[in-house]
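This report concerns only the one structure given below.
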Amino acid sequence: MAHIHLEDGSFTLFWVIVWWVLALAITGAAIYLLRSAKKADSRRITLAAFCTAAAFAVFQVSIPIAGGVHMSLTPLIGILTGPVYGSLIVLIINILSAAIGHGGWGMIGANMLVNVSEVFVAYAVWRALRTIVPDLFSRAGIATLAGLLCGNIVMIVIILVSGVQGVTQTPGQVLAGLSIIAAINMGIAVIEALMTGLVVSYIGRLRPDLLEGERK
Amino acid sequence: MSGGTGTVPERRGRLIFIGLVLIAGLVALFAYAVTGPVGIEERFASATGTGPHDAGEGGSGAAGFTLEGQPVLYGAILVLLILGCVALYRKFAL
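So, in structure tokens, the structure goes:
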């Protein structure tokens with residue numbers, strides 16, 4: 001999991017707008033791709049709806065490990081629905097999360113970029129390893145770890161580029177602190193990788209047609 | 217997990233996964249040993265220098281803004297978002 005747990009006002013308005021514009025550009029591209037498809041994939045839309053509900057719920061559950069963390073399920077979203085639906089799902093999750101006070105409104109754009117990177121990388125690794133790692137559990141686990149590592153890197157880059165208002169920390173100190181957060185997040189990513197691996201291997205046994213890249 | 221036959225590519229995949237899990241786990245344990253059991257908000261506050269008391273409130277710089285703790289503004293933005301979503305849904309329904 002990677003999520004920028006800073007409140008509104010931490011970034012300047014300029015950077016809030018920059019991250020929002022980038023996030024909306026991705027959203028626009030995703031909507032354009034969906035609308036340009038000849039026929040809507042009703043099965044995947046249903047899957048996307050289930051993923052949205054499940055991921056939103058998981059997002060809000062604080063797991064009492066290392067002082068309290070939460071998972072995101074973004075790699076599972078990427079594997080099950082692909083990057084186009086996944087981009088829209090993470091936007092909805094971040095808006096709903098902000099609506100109940102989990103992350104600021106101004107952080108939605110930045111957090112969507114973090115989560116989209118997780119979805120994209122997990123999906124790409126999942127597809128790329130198809131012939132190299134046929135075992136669904138291992139492939140989903142590796143894709144999850146890669147996606148969440150990327151999400152943590154994007155999170156650090158966004159915070160370092162934006163800067164945090166009203167603090168005296170040097171960029172080096174912020175980088176060191178965020179690196180610690182990323183390291184702990186990767187420990188939680190192990191749990192998420194095991195969970196994603198189990199879910200994907202279970203779906204793969206029962207309904208392999210539901211897995212992105214496994215459809216015959 | 218997917219078949220349990222233990223072919224070479226499957227074993228290779230599991231070895232890679234186990235290796236990544238061990239690396240991530242060790243790195244996380246090391247980081248945890250440095251920080252101790254601290255909540256995620258406090259971790260962020262410590263990393264960015266916002267301090268424990270500012271962790272939930274953010275700054276108020278010249279170009280910044282504050283919504284935290286203002287339910288009316290939250291409600292207004294939420295209503296605007298809902299209206300926007302309804303409008304977008306009506307126009308672009310798949």
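From first to last, the protein sequence lines stand for chains A and B. In terms of this note's numbering, the first sequence opens at residue 1 and continues consecutively. In terms of this note's numbering, the second sequence opens at residue 217 and continues consecutively. In this text, a Cβ means the ideal position worked out from N, Cα and C, and glycines have one as well.
#### Entry: Closest Cα partner of A:L145 within the set B:T223, B:L236, B:P287 and B:Y305
Here residue 145 of chain A refers to the residue found at position 145 of the first sequence. If we check each option's Cα against that of A:L145, B:L236 comes out closest.
For this session: Rank A:I188, A:T196 and A:A99 by C-alpha distance to the C-alpha of B:L242 and give the top, closest one.
Result: If you number the second sequence from 1, residue 242 of chain B lands on position 26. Closest by alpha carbon: A:I188.
CB-CB length for A:L148 against A:E118, believed under 8 Å = Taking the first residue of the first sequence as position 1, residue 148 of chain A is located at position 148. Taking the first residue of the first sequence as position 1, residue 118 of chain A is located at position 118. Right, the Cβ-Cβ distance comes to about 6 Å (below 8 Å), so this counts as a contact.
Check: What is the C-beta distance between A:V116 and A:I191, in whole angstroms, given that I count them as a contact (C-beta under 8 Å)?
Finding: The count along the first sequence starts at 1 and reaches residue 116 of chain A at position 116. The count along the first sequence starts at 1 and reaches residue 191 of chain A at position 191. Between A:I191 and A:V116 the Cβ distance is about 22 Å, and since that is not below 8 Å, they are no contact.
When you compare the CB of B:I298 with every CB in chain A, is at least one pair closer than 7 Å?
Taking the first residue of the second sequence as position 1, residue 298 of chain B is located at position 82. No, its Cβ sits nowhere closer than 7 Å to a Cβ of chain A.
Residue-level contact to chain A via CB, B:L294, 7 Å cutoff = For the purposes of this step, residue 294 of chain B is taken as residue 78 along the second sequence, with counting starting at 1. So yes, B:L294 belongs to the interface.
What residue range does the alpha helix (DSSP H) around A:F120 cover? Sequence index remark: in the first sequence, residue 120 of chain A carries index 120 (1-based). Element bounds for A:F120: I108 to A128.
CB contact below 7 Å: B:A263 versus chain A
Taking the first residue of the second sequence as position 1, residue 263 of chain B is located at position 47. It does: the Cβ of B:A263 has a partner Cβ on chain A nearer than 7 Å.
Item checked: Inter-residue spacing [alpha-carbon to alpha-carbon] between A:S97 and A:M186 -> Locating residue 97 of chain A in the first sequence gives position 97, where the first residue counts as 1. Locating residue 186 of chain A in the first sequence gives position 186, where the first residue counts as 1. The alpha-carbon atoms of A:S97 and A:M186 are separated by roughly 22 Å.
| message | Do A:I65 and B:Y248 count as a contact pair if the criterion is CB distance below 7 Å? | response | The sequence position of residue 248 of chain B within the second sequence is 32, counting from 1. The sequence position of residue 65 of chain A within the first sequence is 65, counting from 1. No.
Worksheet item: Given that A:R139 touches chain B, what residues does it touch there, using C-beta distances under 7 Å?
Response: For the purposes of this step, residue 139 of chain A is identified with residue 139 of the first sequence, where counting begins at 1. By Cβ distance, chain B contributes G229.
| Buried versus exposed, by CB contacts within 10 Å (16 or more), A:D8 | Looking up residue 8 of chain A in the first sequence gives position 8. Buried, because 16 or more other Cβ atoms sit within 10 Å of the Cβ of A:D8.
A:L73 to A:F50 span [Cα, whole Å]
By 1-based counting over the first sequence, the position of residue 73 of chain A is 73. By 1-based counting over the first sequence, the position of residue 50 of chain A is 50. In a straight line, the C-alpha of A:L73 is about 12 Å away from that of A:F50.
Answer with buried or exposed for A:A48, where buried requires no fewer than 16 other C-beta atoms within 10 angstroms of its C-beta. Residue numbering aside, residue 48 of chain A sits at position 48 when the first sequence is read from its first letter. By the neighbour-count rule (16 or more Cβ atoms within 10 Å), A:A48 is buried.
Does DSSP put A:V133 in a helix, a strand or coil? Looking up residue 133 of chain A in the first sequence gives position 133. Of the three classes helix, strand and coil, the one that applies to A:V133 here is coil, per DSSP.
Taking 7 Å as the threshold (C-beta atoms), are A:F56 and A:I93 in contact? The residue given as residue 93 of chain A occupies position 93 in the first sequence. The residue given as residue 56 of chain A occupies position 56 in the first sequence. Result yes, Cβ atoms of A:I93 and A:F56 sit closer than 7 Å.
Using 8 Å as the threshold, is the region 251 to 270 of chain B in touch with the region 162 to 173 of chain A, meaning 3 or more CB pairs across them? yes
>> Against B:R306, what residues of chain A qualify as contacts under a CB-to-CB distance less than 9 Å, listed in chain order?
In response: As a working note, residue 306 of chain B is residue 90 in the second sequence. None at all; the shortest Cβ gap to chain A is about 14 Å.
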